[in-house]
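K.L.:
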Amino acid sequence: MIRFRPLPVMTLFTLIALVALVMLGRWQWEKYVIKSHAAHEPVAQMTIANYQVLPEGVQFVNGVRPDTHEEGWRVFMPVQYGATTVFVDSDFIAQINPPKAGEIRPVASLRAGAPITGASIRPERPGPFVHAPLPLQRLWFYVDLAAMGRNAGLTNVTDYYISGSYVGPDGRADANPFALAHGADVLPPARHLGYALTWYGLALVLLIIYFAYHANAGRLSLGPPRGNQG
1055 MIRFRPLPVM TLFTLIALVA LVMLGRWQWE KYVIKSHAAH EPVAQMTIAN
1105 YQVLPEGVQF VNGVRPDTHE EGWRVFMPVQ YGATTVFVDS DFIAQINPPK
1155 AGEIRPVASL RAGAPITGAS IRPERPGPFV HAPLPLQRLW FYVDLAAMGR
1205 NAGLTNVTDY YISGSYVGPD GRADANPFAL AHGADVLPPA RHLGYALTWY
1255 GLALVLLIIY FAYHANAGRL SLGPPRGNQG
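In our numbering, the protein residues as written are 1055 to 1284.
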């Protein structure tokens, strides 16, 4: 016969911690699965021409460059392409302070109307602890194309964006470093698997400690009540 008298306060905090650990483990497991599939698939490339730049709708996404580890803001410039609006990850501003939309001009290639060539990327879902966006300042901490489009008053926004080339200080165009990471972080799938196992392992350890404490305190037993023994 199982006898269990849980401690209310300890049980409450254990449940809260357990839910948090399971959520973190599931989040990392999903990233592991997504990246494992993406690692075997080439990033789709596309080219668009005959577009109209919409500089008044520019949005900024916070990020850390995978190649230089600089923190800054990715410039998502919308362009009208036929009946749709496509965001182009066109530039990177290496500074912590948020940029001001009124001071940002489209990069030279967009101003000249040159064809836009880059990876076509559908952004991943954000993690549970990502900073909330600041729409009034046009600042985002993850790529949410639909919300970015609504914030800019745009319609028919595609569910993908194009990672255009970045132009370095020497004027040479280089491949967009975020495209090489499929538009996300650069951690390999195995690292996410390790994180998932760590969070799930901590959840298991928490349960073991919880029940062991109750057993040691005489609040959990598998035998008959002590008064009936003998």
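Beta carbons are placed, not taken as given, at the ideal position from N, Cα and C, and that holds for glycine.
Since this is a predicted model, take the numbers as computed values, not measurements.
Can you tell me which of V1140, Q1113, G1222 and P1120 puts its alpha carbon nearest to the alpha carbon of R1128?
P.N.:
Closest option to R1128, Cα to Cα, is Q1113.
K.L.:
Is it the case that the Cβ atoms of A1227 and S1217 are separated by a distance below 8 Å?
P.N.:
The answer is no: Cβ separation not under 8 Å.
K.L.:
Helix or strand or just coil, what does DSSP make of V1107?
P.N.:
Of the three classes helix, strand and coil, the one that applies to V1107 here is strand, per DSSP.
K.L.:
Ignore the nearest five residues each way along the sequence and tell me which others in T1101's own chain have a CB closer than 7 Å to its CB.
P.N.:
Hits under 7 Å: P1169, I1170 and T1171.
K.L.:
Using the rule of at least 16 other Cβ atoms within 10 Å of the residue's Cβ for burial, across every protein chain shown, is D1145 buried or exposed?
P.N.:
Answer is buried; the Cβ neighbour count reaches 16.
K.L.:
Is the CB-CB distance between A1250 and Q1134 below 8 Å?
P.N.:
For A1250 and Q1134, no; Cβs fall outside 8 Å.
K.L.:
Between L1258, F1265, V1221 and M1202, which has its C-alpha nearest A1139's C-alpha?
P.N.:
What sits at residue 1139 in the sequence shown is Thr, not Ala. Closest option to T1139, Cα to Cα, is M1202.
K.L.:
Between which residues of its own chain and A1071 is the CB-CB distance below 7 Å, once the five residues before and five after are set aside?
P.N.:
Counting only Cβ-Cβ distances below 7 Å, and skipping sequence neighbours, we find L1260.
K.L.:
At a cut of 8 Å, does the stretch 1265 to 1279 reach the stretch 1060 to 1067 through at least three beta carbon pairs?
P.N.:
They touch, by the three-pair rule.
K.L.:
Run through the DSSP bridge pairs and tell me what V1133 is partnered with.
P.N.:
In DSSP, V1133 forms a bridge with V1107 and V1140.
K.L.:
Please state the DSSP three-state secondary structure of W1195.
P.N.:
The identity of residue 1195 in the sequence shown is Phe, whereas the question assumes Trp. Coil at F1195, not helix or strand.
K.L.:
Report the residue ranges of all beta strand (DSSP E) runs contained in full by the stretch 1146 to 1210; include only those spanning at least 3 residues, in chain order.
P.N.:
Runs of the beta strand (DSSP E) inside the stretch 1146 to 1210: 1170 to 1175.
K.L.:
What's the gap between the Cα of A1206 and the Cα of W1194?
P.N.:
If you take the alpha carbons of A1206 and W1194, they lie about 13 Å apart.
K.L.:
Could you tell me which residues DSSP puts in a beta bridge with N1116?
P.N.:
For N1116, which the question treats as bridged, DSSP gives the partners W1127.
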